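Sequential numbering of the sequence shown, starting at 1, is according to full-length UniProt numbering.
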Amino acid sequence: MANSAIEHEVIGKINGKDVEAYRITGGETTIEVMTYGAILTRVLRPDRNGKVEDIVLGYDDPASYIDNPGNAGAICGRFSNRINLGKFTLEGEEIQLPTNSGPHHLHGGLPGYGKRFWHAEPNAEDNSVTFRMHSPDGDQNYPGTVEVAATYRVDCMGSLELTMEATTDKTTIINIIYHGYWNLAGHASGSVEDQQLCILADRYTLVTPEKIPTGEIVPVKGTPFDFNKLHAIGDNIADAWPDGGYDHNLCHAVYDGKMRLTAKAADPASGRGFELYSNQPGVQFYTANHFKDQPTKGKSGALYETYPGFALETQHYPDSPNHPEFPSVVLKPGETYSNRMKFVFSKNMSV
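Quick look at the structure:
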């Protein structure tokens, strides 16, 4: 591939084990992904004047991804987002998962996939790196041995493709997500409230005060969750939740497993932006609210505090195993789970 490259180096240690980083360049995009958590640690993009910034939140020391709150840049599973009380019934059997978010199960438990080592397989011809992980039967009490793969690819136009796949030897549930935080002005630039966002979703899942879906799916029209037209993230952020901020699952009008435009994001000041394409029925829009409560030092000493980034986690709906009316998250032997994302970047995004 023209104007492409993959570089590799050891960038630190976690529990005495080397953490390897792979840098992939294509077009005007360079990304870095590491073997711990299959975490996307850097995305370098130019603005309209050619100034390059790193537009994802993260940390310089790999060990900081353990010590600091959240799952910045990680691939999370086996079932991401929340499961009410950590319980669900599958093929007539009630299964109790560990609870790690109050009385609920979140992002696959402790440790979830985002807090484990993955094995990297670079592919220079495809300009990609595939990260693989083996999840045994009974892992966090989930049934079935699952083989997981996350492939990061940068094409010659600079677009980033991320494919998360899984197979199982026993019926199980799956909802694997990418949990990265974007700041299109640069990771150290402060709040994203002035950045523009469009999410092509006509409904959202109502939740309890503990952010567990009630089962109701209601229209976004007339609510702070209506992003069908591009507007500033901060326009209605104070009204999204009692203490402000977004952490909600939005539902697409059309879901058939095919890749469709999911969202657009833009920073008017720099011109950086992207279009996000996905094959999932929903997307969790999250404004990294935990940093407001616990300000944290990120890369190059940057302080992440109030709304320093936003996440667009393409996914099946939270607590889906307990809501048969939601799209199914059951994976059976012989099937392949696939969550596909494509970020088409721009350096002169119109708003």
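The beta carbon of each residue, even a glycine, is placed where N, CA and C say it ideally should be.
All of these numbers come straight from a predicted model, not from anything done at the bench.
Worksheet item: Using the rule of at least 16 other Cβ atoms within 10 Å of the residue's Cβ for burial, across every protein chain shown, is A238 buried or exposed?
Response: exposed
Worksheet item: Helix, strand or coil for D61 per DSSP?
Response: coil
Discussion item. Applying the 10 Å Cβ sphere with the 16-neighbour rule, what's the burial state of M349?
Written reply: buried
Item to complete: Determine which residues share a DSSP beta bridge with R45 and list them.
Response: E53
Worksheet item: In whole angstroms, what separates the C-alpha of residue 366 from that of K170?
Response: This structure does not reach residue 366, given that the chain is present from 1 up to 351, and the question cannot be answered.
Practice prompt. Quick one: residues in its chain with C-beta nearer than 7 Å to the C-beta of Q96, no 5 flanking neighbours on either side, listed in chain order?
Written response: Same-chain partners within the cutoff: G86, K87 and N141.
Practice prompt. Specify whether the stretch 283–292 and the stretch 309–326 touch according to this definition: at least 3 beta carbon pairs, one from each stretch, less than 8 Å apart.
Written response: yes
Worksheet item: Can you tell which of E335, N183, F291 and G215 has the C-alpha that lies nearest to the C-alpha of A269?
Response: N183
Worksheet item: Is it true that the stretch 249–260 meets the stretch 291–299, where meeting means three or more beta-carbon pairs spaced less than 8 Å apart?
Response: no
Discussion item. Quick check on DSSP: helix, strand or coil for F291?
Written reply: Helix at F291.
Discussion item. Using DSSP's beta-bridge definition, name the partner residues of M34.
Written reply: A21
Fill in: Where the beta strand (DSSP E) through Y286 begins and ends
G282 to Y286
Discussion item. Please identify the residue among F79, A63 and P321 whose C-alpha is closest to the C-alpha of N339.
Written reply: F79
Worksheet item: With a CB to CB cut of under 6 Å and the five nearest residues on each side skipped, what residues in its chain are close to E305?
Response: F291 and P295
Practice prompt. Give, in chain order, every unbroken run of the beta strand (DSSP E) that is at least 3 residues long and sits entirely within the stretch 286–351.
Written response: 311–315 and 337–346
Fill in: Nearest to residue 353 (by Cα), restricted to the options T214, W241 and R116
Examination of residue 353 is not possible in this model, given that the chain is present from 1 through 351 alone.
Fill in: Three-state secondary structure (DSSP) of K115
helix
Discussion item. I'd like the list of long-range same chain contacts for D194, defined as Cβ closer than 6 Å, with 5 residues on each side in sequence excluded.
Written reply: A232
Discussion item. Quick check for students: name the residue ranges of the beta strand (DSSP E) that lie wholly in the stretch 172–215, counting only runs of 3 or more.
Written reply: 177–179, 196–199 and 203–207
Worksheet item: Which word fits S328, buried or exposed, when buried means at least 16 other C-beta atoms lie within 10 angstroms of its C-beta?
Response: exposed
Item to complete: Please report the residue range of the beta strand (DSSP E) in which residue 352 lies.
Response: Residue 352 lies beyond the range of the chain shown here (1 to 351); nothing can be said about it.
Practice prompt. Indicate whether T336 and E165 have their beta-carbon atoms separated by less than 9 Å.
Written response: yes
Worksheet item: Between L276 and F227, which are expected to be in contact by the criterion C-beta below 8 Å, what is the C-beta distance as a whole number of angstroms?
Response: Rounded, the Cβ-Cβ distance is 12 Å, inconsistent with contact.
Item to complete: Pull up the CB-CB distance for N71 and H187, whole angstroms please, since I reckon it's below 8 Å.
Response: Rounded, the Cβ-Cβ distance is 16 Å, inconsistent with contact.
Worksheet item: If you compare alpha carbons, which of G109, N84 and T223 is closest to P321?
Response: N84
Practice prompt. For V283, count neighbouring Cβ atoms within 10 angstroms of its own Cβ and tell me buried if that reaches 16, exposed if not.
Written response: buried
Worksheet item: Can N81 and Q315 be called in contact, C-beta distance under 9 Å?
Response: yes
Worksheet entry | Straight-line gap, R260 to I66 (C-alpha atoms, nearest Å) | 34 Å
Practice prompt. Please classify D243: does DSSP put it in a helix, a strand, or coil?
Written response: coil
Worksheet item: Run through DSSP, which three-state label would I14 get?
Response: strand
Worksheet item: DSSP beta-bridge partners for N249?
Response: Residue pairing from DSSP places N249 in a beta bridge opposite Q284.
Discussion item. According to DSSP, is residue 380 part of a helix, a strand, or is it coil?
Written reply: This structure does not reach residue 380, given that the chain is present from 1 up to 351, and the question cannot be answered.
Discussion item. Between which two residues does the beta strand (DSSP E) holding V129 run?
Written reply: S128 to S135
Fill in: R45 versus F326, T25, G37 and P62, residue with shortest Cα-Cα distance
T25
Discussion item. Using the Cβ count rule (16 or more neighbours within 10 Å means buried), how would you classify E94?
Written reply: exposed
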